[in-house]
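Chemist: Residue numbers (the numbering used here), protein chains in the order written: chain A, 39 to 227; chain B, 39 to 227. Here it is, the structure, as structure tokens.
2 protein chains.
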Amino acid sequence: MISKMKMTPLITSAVMHFGEMGSRWGFNRTVGQMLALIVLNEEPVTAQEIADALNISRGNVSMGLKELQSWRLVKPHLVPGERKDYFVPAGSVWELANRVFEERRKREIDPTLSLLRDLLLDTPANSNEAQAQQTLSEIHDLLESVTAWSQELQNLGPDKLNTLMKLGSGVGRMLDLKDKLLPGKSTVN
Amino acid sequence: MISKMKMTPLITSAVMHFGEMGSRWGFNRTVGQMLALIVLNEEPVTAQEIADALNISRGNVSMGLKELQSWRLVKPHLVPGERKDYFVPAGSVWELANRVFEERRKREIDPTLSLLRDLLLDTPANSNEAQAQQTLSEIHDLLESVTAWSQELQNLGPDKLNTLMKLGSGVGRMLDLKDKLLPGKSTVN
DNA sequence: ATAAAGTTTCAGTAATTTCTGAAACTTCAA
DNA sequence: TTGAAGTTTCAGAAATTACTGAAACTTTAT
């Protein structure tokens with residue numbers, strides 16, 4: 039049976055673009071295309087439909103789905119009387135974006151933080167190395183702040199985070215007022 | 039003349055690691071190594087020293103330096119009586135991190151925003167497409183918010199941004215108080 | 001138990017990305 | 001104006017990453 043999926047020009051452009059961007063976002067072309075396809079289809083799609091629509095091998099689709107699941111971007115959708123697996127997005131657009139962000143932080147920052155912690159334990163062998171260690175420690179502190187903050191933002195939840203983002207330049211004004219409002223919290227490092 | 043540069047084990051580990059992470063951060067292995075080398079050396083380094091220290095071809099170094107300059111992460115350092123170019127970091131660790139962030143936003147978000155704007159101008163051909171367009175518009179709005187916000191954060195400047203990051207869970211409390219403080223700003227979307 | 005309908009794995013191949021090295025170019029001192 | 005000391009460019013080679021397709025595997029209906 040031929041795929042039910044409709045690849046209109048609009049959807050095709052979007053899928054192709056997500057493919058192009060895929061590698062910049064942390065996955066490869068076909069994985070990006072697959073994600074777009076699943077997200078843009080209201081109905082759940084099967085692996086075979088994806089292979090047909092994108093003209094790629096069944097094996098490739100299987101690996102791509104595995105990866106998308108490891109990123110928690112798509113999930114299987116069990117259909118009662120059916121044998122095959124259907125796939126759907128693993129949440130709202132907002133949730134998916136969050137997962138990508140979080141997953142990338144894990145892959146891009148955590149390993150470096152861990153290495154830096156180790157390197158900072160060594161005793162510098164000479165002044166050159168002492169200076170390098172100083173720089174590494176600045177990098178470490180920066181990455182640690184970013185990590186802690188991103189955690190903090192996650193904890194806020196979608197609604198508050200949205201409020202914060204929509205605040206715009208109000209953020210600056212709020213910070214000016216902050217000391218009066220939360221006197222218990224010191225600002226100094 | 040042999041390179042003056044000292045590749046101690048500590049610096050070597052850091053350089054190697056930055057090489058490994060390079061591709062995840064948006065550039066390739068040798069470019070990542072070069073960046074680390076330049077950032078971790080207090081003295082300015084020459085292209086030839088980089089080639090020697092990393093054991094890569096002179097041509098590769100030239101291209102890598104060009105890329106690092108296009109990211110505004112390193113800059114030439116003119117030494118009066120000298121013919122050759124020396125290179126130094128183009129700012130503090132904080133500034134460099136900002137530039138990487140900003141540059142990546144440009145490469146990873148802007149092209150998609152631009153495509154989405156175009157796609158949203160089309161009239162949907164059927165209900166399926168209308169639904170897809172709805173999703174695309176959610177993605178568009180999200181990316182636009184992120185872009186605007188990142189701009190906002192840049193405008194805050196290093197000190198306020200640091201204050202904000204160090205605020206931790208205080209951010210949540212501040213948002214609770216927000217309406218009383220800035221009554222002019224509506225929260226509704 | 002069997003076989004039909006589906007999925008996963010993985011060795012080999014294809015495509016892409018990165019790197020080399022030699023030639024072309026630039027700059028400056030004599 | 002020549003040549004020495006340096007840089008850049010880019011075609012092809014090497015390395016890496018992604019994809020295919022066939023075989024192995026799983027699940028379920030009969």
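The beta-carbon is built from N, C-alpha and C at its ideal position, and this holds for glycine as well. These figures come from a predicted structure and were not determined experimentally.
Examine the Cβ distances between the region 177 to 191 of chain B and the region 184 to 198 of chain A and report whether three or more of them are shorter than 8 Å.
Modeler: Taking 8 Å as the limit for Cβ pairs, the verdict is that the region 184 to 198 of chain A does not touch the region 177 to 191 of chain B.
Chemist: Check whether the region 47 to 54 of chain A and the region 67 to 81 of chain A are in contact - that is, three or more C-beta pairs closer than 8 Å.
Modeler: Judged by Cβ distances under 8 Å, the region 47 to 54 of chain A makes contact with the region 67 to 81 of chain A, as three or more pairs qualify.
Chemist: If the criterion is Cβ atoms closer than 8 Å, does the pair arginine 62/A and glutamate 167/B meet it?
Modeler: The count along the first sequence starts at 1 and reaches residue 62/A at position 24. The count along the second sequence starts at 1 and reaches residue 167/B at position 129. In this structure, glutamate 167/B does not lie closer than 8 Å to arginine 62/A by Cβ.
Chemist: Classify asparagine 136/B: buried if its beta carbon has 16 or more other beta carbons within 10 angstroms, exposed otherwise.
Modeler: Walking along the second sequence from the start, residue 136/B turns up at place 98. Buried, by the Cβ-count rule.
Chemist: Per DSSP, what are the beta-bridge partners of valine 83/B in this structure?
Modeler: Start at 1 with the first residue of the second sequence, and residue 83/B comes out as number 45. Looking at the DSSP assignment, valine 83/B forms a beta bridge with Phe125/B.
Chemist: Tell me which residues share the same chain as leucine 174/A and place their Cβ nearer than 8 Å to its Cβ, disregarding the 5 neighbours each side in the sequence.
Modeler: The residue labelled residue 174/A in the question sits at position 136 within the first sequence. Result list for leucine 174/A: Leu154, Leu157, Leu158, in chain order.
Chemist: Ordered along the chain, which non-local residues of its own chain (more than five positions away) have a Cβ less than 8 Å from that of asparagine 227/B?
Modeler: Position 189 of the second sequence, counted from the first residue, corresponds to residue 227/B. Only weak support is given to the placement of asparagine 227/B: the predicted model assigns it a pLDDT of 38, under 50, and the value that follows is read from those uncertain coordinates. Taken in chain order, the list of residues that qualify is empty.
Chemist: Taking asparagine 200/A as the reference, give the member of Val184/B, Pro196/B, Val69/B, Phe65/B with the closest Cα.
Modeler: For this step, residue 200/A is matched to residue 162 along the first sequence. Closest by alpha carbon: Val184/B.
Chemist: Can you list, in chain order, the residues of its chain whose CB lies under 6 Å from that of glycine 102/B, leaving out five sequence neighbours each side?
Modeler: The residue given as residue 102/B occupies position 64 in the second sequence. Cβ within range, chain order: Thr68, Val69, Met72.
Chemist: Less than 7 Å between C-beta atoms, sequence neighbours within five positions excluded: which residues of the same chain meet that for arginine 142/B?
Modeler: Looking up residue 142/B in the second sequence gives position 104. Correct list, in chain order: Gly64.
Chemist: In chain order, which alpha helix (DSSP H) runs of at least 4 residues are fully inside the region 138 to 183 of chain A?
Modeler: Those alpha helix (DSSP H) runs which fall completely within the region 138 to 183 of chain A and span 4+ residues are 148 to 159.
Chemist: Closer than 6 Å by C-beta to tyrosine 124/B: which residues in its own chain qualify, once you throw out the five before and the five after it? Chain order, please.
Modeler: Within the second sequence, the letter at position 86 stands for residue 124/B. Hits under 6 Å: Pro82, Thr84, His115, Val117.
Chemist: From what residue to what residue does the beta strand (DSSP E) around lysine 113/A run?
Modeler: Your numbering for residue 113/A matches position 75 in the first sequence. That run of the beta strand (DSSP E) goes 112 to 115.
Chemist: In chain A, which residues lie less than 8 Å from lysine 198/B when you measure between Cβ atoms?
Modeler: Against the second sequence, residue 198/B aligns to sequence position 160. Those are Gly210, Leu213, listed as they occur along chain A.
Chemist: For chain B, check one thing: does any of its Cβ atoms lie closer than 8 Å to the Cβ of threonine 68/A?
Modeler: In the first sequence, counting from the first residue as 1, residue 68/A sits at position 30. For threonine 68/A, the answer is no, since every Cβ of chain B falls outside 8 Å of its Cβ.
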